[in-house]
Structures are given as C-alpha cells and as structure tokens.
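K.L.:
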Amino acid sequence: MSIFAWRDVMWPLVTKRVERIQYRIYKASRAGKKDLVHHLQKRLLRSEDAKLLAVRRVTQMNKGRKTAGVDNVRVLKPEEKLALARSLRVTGNAQPIRRVWIPKPGKTERRPLSIPTMRDRSTQQLVKLALEPEWEARFEPNSYGFRPGRSCQDAIQAIFIHLRGRKLTVFDADIRECFDRISHEKLLQKLDTFPLMESQILAWLKAGIVEVGFGNKKSEKEVSENVMGTPQGGVISPLLANIALHGLETGVKKHYANTPFKGSTRIGKHDTLREVAIIRYADNFVVLHKDEQVVYNLKTFIANWLFQNIGLEISEEKSKVICTSNGFNFRGFHIISIKSGNKTKCKICVSKKSKLRLLEKTRNIIQCNKSASAGALINLLNPVIVGWCNYYRYAECVKDFKQVEYALFGQLRAWVFRRRSKGLRSRTDIKEKYFPSNTTVKFHGTTHTGSWILIGTVLGRKAQKKEVYLVYPGWVKSRMWEKISGKTTPYDDNHIYWAKRNAQYSGLNQKKIDLLTRQNFRCPLCGSLLKEGDIVEVDHIKPLALGGAERYANLQAVHDYCHHTKSTQDMEDIRLKKRNSKVV
44 MSIFAWRDVM WPLVTKRVER IQYRIYKASR AGKKDLVHHL QKRLLRSEDA
94 KLLAVRRVTQ MNKGRKTAGV DNVRVLKPEE KLALARSLRV TGNAQPIRRV
144 WIPKPGKTER RPLSIPTMRD RSTQQLVKLA LEPEWEARFE PNSYGFRPGR
194 SCQDAIQAIF IHLRGRKLTV FDADIRECFD RISHEKLLQK LDTFPLMESQ
244 ILAWLKAGIV EVGFGNKKSE KEVSENVMGT PQGGVISPLL ANIALHGLET
294 GVKKHYANTP FKGSTRIGKH DTLREVAIIR YADNFVVLHK DEQVVYNLKT
344 FIANWLFQNI GLEISEEKSK VICTSNGFNF RGFHIISIKS GNKTKCKICV
394 SKKSKLRLLE KTRNIIQCNK SASAGALINL LNPVIVGWCN YYRYAECVKD
444 FKQVEYALFG QLRAWVFRRR SKGLRSRTDI KEKYFPSNTT VKFHGTTHTG
494 SWILIGTVLG RKAQKKEVYL VYPGWVKSRM WEKISGKTTP YDDNHIYWAK
544 RNAQYSGLNQ KKIDLLTRQN FRCPLCGSLL KEGDIVEVDH IKPLALGGAE
594 RYANLQAVHD YCHHTKSTQD MEDIRLKKRN SKVV
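Take 44 as the starting number for the sequence shown in my numbering and just add one per residue.
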C-alpha cells in the first residue's frame, strides 16, 4: 500500500473504486454469468480499497462498533485500523463469538446476540461487499428486510397497494427462531459459491460460542459448539438469512399458478399471479388472497417449503389466518379493511402495542431522571419521540399521535409538579417556570404557540446557554411514502434516483434535507452524489472560529470523511491565524 497513515486515505476515490467493481458483479449476476461473478468477487476480496472500506464501516460507521467480542477490543487507533486493513484476509478460519442475552422489545423473553471479534467483523464486512451485489440482482421484489435502500415502510406500502379497494384473507406468519435454526448445509447449498468463500462462511456459522462473563484467559471447556443458525450480531448474518429465505415468494406464486383451486376463475398466468401476494420483511411475512381456503393451502405449502429448503418452522403461536376486515398488526402498524360507503378502504395506523411501548420508554426515562434539569430531560426525550414519530408518520397517524401526546403530557406534568424549586411556592409559579404562558416555538418550518410547552436550557457552543423545547408528537405531520420501484437496488447505475430518495426517505433532519436539495444532492467538497448508506454531516463553509455565521448561507451538507478533511484544514488555518496575530 502507498498509504502511510489512516488520515491520508482518499475516501471518495476508495468508495468509487469499490462501487465500480460491485456494479460489475451486479451486472454479471443479472446476466447469469456465474464464473464472471466469482472472478470479480475474488478480485474485490483482494482489493486494498475494499479492505480499507470494510475496516472503516466496522470501526467508525456501524452502531455496534464499540461492542467488544472475545478479544475485548472496542476502539482502534488510526494506526491500528490501517494495520488491520493491511492484514485482512479471507482464510477460512474464525475466532469464537461472544454471546449475550438481550430482552425483546416489550416482552419478557430474551434473544441471543452473538458478537464476533473486531477482525472477524471486518472480514465479514469485506465478504459482504463482494456477496451482496450478486444477491441483490437475484432477490425477489417483495423482500424488504435488511436490504440496502429498502425499509419497513416499503413493505407497508406494498400491502396497502394490494389491499386498496378490497377485502382479503391474510396469513400473518412468523418463522420460529429464524436466525437460530437455519440449516448450515442447506444454506451453503443455496449459496452456491466458490470454495474459499464457502469455507469462510462455514467457519463463521460453526464458530464456537463463549457465554458472557468470560475472563481474559479462556479454557476450551468454556467454548460451546454452534450446530445450526446464523449468529445474530454478525455483519453478514442478515444477508445470509435473506439468502436462506430467497425463493419463498417465487415458490408460493408458482405453486398457486399450477394448482387448480375449486371455484377459481383464471384468465391468464399473469392475472393469476396478481391474485396472490406475499410480502416479506426479514422473518415476518404476509400472504394475501381473497379465498380463505386458498390461504390455508398456501400456508401448508409454505410450512413444507421452509422445512425442506432451509430447515425452518412456522411459529403457530405468532401466526394466524384472519380476514383483513378484522385487522392485523405488521411491523408495528395496524392494518384493516373498512367499509366506506359502497367502497372498501385500507386503513393503516399505529398499533396499540407500539403506542404503549413508547409511553413505557418515556416513563422510564422520566422516572430515572427525577432530579435532572428540564433541558437535560428534553435532550433525552426528543430523540426518542421524534424517531418514533418519523417511523410511523407514513400512515393515518394524526389521531394516534394526539393520543400519545395526551399521555406523554400527563407524565411530564407529574414530573414538573413533584419538584420544589427555590423561591417558587405556588403551583402557578412552578408551571410558569417549566411551561411559560404564550410560548412560541418553530418546528420543521411550522410555528407552534401554547401555554403548556416544556422549555429548558442547556449549554451550547462556548458554554453559552441555549433554550430547548420538547417536541410533541402532534407536531409531526403525516406524509405519503413512495414505494421503491420493482427490483431497483443501490448497486444499479441509477445514482440520481438513490440520491434523491436518500434525501427524502432516509430519516435525515429537515436542515440536511434542505441543504441536499439546494446542492442538487451532491457533496460540494468532492462533487460526488450523497447516496444510500452515506453519512451526511452539516459543515460551516466559513468556520465559526474564523468569523463564520450560524445561518443557512454558511452551511453545506457533506460526506463525513469530507467533513473531517475540511475540519482538519480549518484547524490549521485557525492555528496559523493565531500565530500570525502573536507575531504582529
């Protein structure tokens, strides 16, 4: 390598080179050129650019980057990152994984989380860079979970499109312990890759398990064997689970088209396939059809297909066949067909469990911060509330948000009136301190005025006091979601489509969306498009330390690595300015 330090890496060029090979893999896979796909994958596994990018994503971008495996490594220094990238190899070996048990959201049950070592995570990311483009070219159009550029809202919109204007029967299915019961042999058979890749993935699947509480010195007795499943917590595990379940939609539709059902009227094969829909998000999926008997028949076929092809079973406790007029829950949404005059309407709103789960989370935050300042509490609650609302805003959510807001206000009111502030004797004085009358705030371009808006102060830049306010769920407006088109994927050549979609539907805040739109979705520093998966940061064109202003004209949305490079140069300019001022 010609790179001598981690800070010298030219990330725009590295990313562009890796994306070029990934596009060729995707294109070859679409054309069915298996030998060319394997050749390009081997080339990418040896690529210095891919190794650098893999280490960067694992050590700097992933949310669980500071979680340690059995090597007890959490954070790497820049020189250690570069050394890891230089030594990264696909060898067919794997270190043991650390297993911890975490509670399931809103349940008393716990699920296993298996954490590989930092080196294994980086190698898994390297393999994923090579393997994902091949399978993105092959995955079915109604598979939405754990795939780049696709989200739960796409699955919900697909259900809405199929249910619009009619009442159907739905098989709401859940696979029993999907990640933990996948057959290794059948998964590798479906993977159908070259020997080195196969041996490496098998090594990760068979890696020994060390339960939490291990010491620095481990004996062989502490390591247990893993005989089935893909360990949850690995970088490559979601991709392997999607590969395992690939073919389910095609199999169901083929079975339906070739099976004569009593009373069915068929015009042609295309119209026949449109009568049944299977929409999957990870291990949760729904099957929709107008005839209940057909749905039960497809349920039996799916159970057989899962067991024969991947060794999995349907969870009878969590699965059910029900008419859509009775409503069902999917990924936190409640979906129901209702009669509106002479027409049937599909209504999608927030499920009751999701609302209760949010209120339980806010209640725990408030109870654990009884003595905190109002500003500190607001900073803890706002990300939870806004994140939850942004997830559910693409539905008929106005009534649900108002219900949550009313319950949340009750929690905040109780937190305020239990406090005894110095010099405030009456409840009116306490109310005016935390809920000033006729308060006016601005959120996402809309002005809100009220006498019960929680206000607090926190320390901002240069230790200056800054006023913050609590965002109420009713302030978040409902929006329409545009479903991803067909088999479109970030690995195809439609970069403008993904840049625009990244700005609209990736969960960025309003400031970043406005800046991206103004910049035509390009980074002003490197000129590249800000696409799916890129980390977008806000940069001051002229630094505040050099007299720059805190206004939109002085802001720009850039890549995180471009921001780091510019900030380093800005610091040098500031030091030079200080040095020159001392000389004068």
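Here a beta-carbon is modelled for each residue, glycine too, at the ideal position from N, C-alpha and C. Bear in mind that the values here come from a model prediction, so they are computed numbers and not experimental data.
Going by DSSP in three states, residue 298 sits in which element: helix, strand or coil?
P.N.:
Reduced to three states, the DSSP call for residue 298 is helix.
K.L.:
So, helix, strand or coil for residue 503, using DSSP?
P.N.:
Looking at residue 503 - three-state DSSP - the assignment turns out to be coil, as it is neither helix nor strand.
K.L.:
DSSP state of residue 163, grouped into three classes?
P.N.:
Correct three-state label for residue 163: helix.
K.L.:
When the Cα atoms are used, what is the spatial distance from residue 629 to residue 180?
P.N.:
This structure cannot speak to residue 629, because the chain is shown only from 44 to 627.
K.L.:
Take every Cβ of the region 365–380, pair it with every Cβ of the region 318–334, and state whether three or more of those distances are shorter than 8 Å.
P.N.:
With the cut-off at 8 Å, the region 365–380 and the region 318–334 touch.
K.L.:
What residue range does the beta strand (DSSP E) around residue 496 cover?
P.N.:
Segment: none, residue 496 is in no beta strand (DSSP E) and carries neither H nor E.
K.L.:
Would you give the residue range spanned by the alpha helix (DSSP H) that residue 56 belongs to?
P.N.:
Here the alpha helix (DSSP H) through residue 56 covers 54–73.
K.L.:
With a threshold of 8 Å on Cβ separation, who are the neighbours of residue 375 within its own chain once the five nearest residues in sequence on each side are excluded?
P.N.:
Closer than 8 Å at Cβ, skipping near neighbours: 195, 393, 394, 396, 397, 434 and 435.
K.L.:
Would the region 129–139 and the region 200–213 be scored as touching if the rule is three or more Cβ pairs under 8 Å?
P.N.:
Touching, no.
K.L.:
Under 8 Å, do residue 86 and residue 113 count as touching if we go by C-beta distance?
P.N.:
No; because the gap between Cβ atoms is not below 8 Å, this pair is not in contact.
K.L.:
Relative to the C-alpha of residue 415, which candidate in 389, 477 and 446 has its C-alpha closest?
P.N.:
For the residues 389, 477 and 446, the minimum Cα distance to residue 415 belongs to 477.
K.L.:
Say whether the region 85–101 touches the region 55–64, bearing in mind that this needs 3 or more beta-carbon pairs closer than 8 Å, one atom from each stretch.
P.N.:
Yes, the region 85–101 touches the region 55–64.
K.L.:
Enumerated in chain order, which unbroken segments of the beta strand (DSSP E) with a length of 3 residues or greater are wholly contained in the region 573–601?
P.N.:
Listed in chain order, the complete beta strand (DSSP E) runs (minimum 3 residues) inside the region 573–601 are 579–583.
K.L.:
Rounded to whole angstroms, what's the CA-CA distance from residue 205 to residue 320? Just pull it up for me.
P.N.:
The straight-line gap from Cα to Cα measures roughly 7 Å.
K.L.:
Looking only at its chain, what residues have a beta carbon closer than 6 Å to the beta carbon of residue 623, apart from the 5 residues adjacent to it on each side?
P.N.:
Cβ within range, chain order: n/a, list empty.
K.L.:
For residue 523, count the other beta carbons within 10 Å of its own beta carbon; 16 or more makes it buried, fewer makes it exposed. Which is it?
P.N.:
So residue 523 ends up on the exposed side.
K.L.:
Under the three-state reduction of DSSP, which class applies to residue 650: helix, strand or coil?
P.N.:
There is no way to answer for residue 650, as the model of the chain reaches only from 44 to 627.
K.L.:
Would you identify the three-state DSSP class for residue 215, choosing helix, strand or coil?
P.N.:
In the structure shown, residue 215 sits in a strand (DSSP, three-state: E or B).
K.L.:
I believe residue 565 touches residue 558 by the beta-carbon criterion, under 8 Å. Please report the beta-carbon distance rounded to the nearest angstrom.
P.N.:
That belief does not hold up - the Cβ atoms of residue 565 and residue 558 are roughly 11 Å apart, past 8 Å.
K.L.:
Cutting at 6 Å between CB atoms, please list the residues of its own chain near residue 556, excluding the five before and the five after it.
P.N.:
Closer than 6 Å at the Cβ level, and outside the excluded window around residue 556, lie 546.
K.L.:
Am I right that residue 171 and residue 101 are in contact with their C-beta atoms under 8 Å? What's the rounded C-beta distance?
P.N.:
No, residue 171 and residue 101 are not in contact; Cβ-Cβ is about 10 Å, not under 8 Å.
K.L.:
To test your reading of the DSSP string, which unbroken alpha helix (DSSP H) runs of 4 or more residues are found completely within the region 205–253?
P.N.:
Taking only runs of at least 4 residues, the alpha helix (DSSP H) segments lying wholly in the region 205–253 are 221–224, 227–234 and 238–248.
K.L.:
In chain order, which continuous runs of the alpha helix (DSSP H) of length 4 or greater are located wholly inside the region 121–178?
P.N.:
As far as the region 121–178 is concerned, its whole alpha helix (DSSP H) runs of at least 4 residues are 121–130.
K.L.:
Confirm, please, whether the CB-CB distance from residue 418 to residue 501 is below 8 Å.
P.N.:
Yes, the Cβ-Cβ distance between residue 501 and residue 418 is below 8 Å.
K.L.:
Grouping DSSP H, G and I as helix and E and B as strand, with all else coil, what is residue 182?
P.N.:
It is coil, neither helix nor strand.
K.L.:
Starting from the C-beta of residue 276, find all residues in its chain whose C-beta is less than 6 Å away, skip the five residues before and the five after it, and write them out in chain order.
P.N.:
Result list for residue 276: 156, 157 and 158, in chain order.
K.L.:
My guess is that residue 357 and residue 287 are in contact by the Cβ rule of under 8 Å, so how many angstroms apart are they, rounded?
P.N.:
About 15 Å separates the two Cβ atoms, so there is no contact after all.
K.L.:
Around the C-beta of residue 285, are 16 or more other C-beta atoms found within 10 angstroms, so that it is buried, or is it exposed?
P.N.:
By the neighbour-count rule (16 or more Cβ atoms within 10 Å), residue 285 is buried.
K.L.:
Please list, in chain order, all residues of the same chain as residue 83 whose beta carbon is under 7 Å from its beta carbon, the five residues on each side excluded.
P.N.:
Closer than 7 Å at the Cβ level, and outside the excluded window around residue 83, lie 64, 67, 68 and 71.
K.L.:
Quick one: residues in its chain with C-beta nearer than 7 Å to the C-beta of residue 280, no 5 flanking neighbours on either side, listed in chain order?
P.N.:
The residues are 222, 273 and 274.
K.L.:
So does the region 431–450 actually touch the region 494–508, counting three or more Cβ pairs closer than 8 Å?
P.N.:
Touching, no.
K.L.:
Starting from the C-beta of residue 254, find all residues in its chain whose C-beta is less than 6 Å away, skip the five residues before and the five after it, and write them out in chain order.
P.N.:
Only 142 meet the Cβ criterion.
K.L.:
Over what stretch of residues does the alpha helix (DSSP H) that includes residue 435 continue unbroken?
P.N.:
417–435 is the span of the alpha helix (DSSP H), which, as asked, contains residue 435.
K.L.:
According to DSSP, what are the bridge partners of residue 277?
P.N.:
DSSP lists 275 as partners of residue 277.
K.L.:
For the candidate residues 361, 230 and 335, whose alpha-carbon lies nearest to that of residue 354?
P.N.:
It is 230 whose Cα lies nearest to the Cα of residue 354.
K.L.:
Which residues share a DSSP beta bridge with residue 392?
P.N.:
Note: residue 392 sits in a beta bridge opposite 377.
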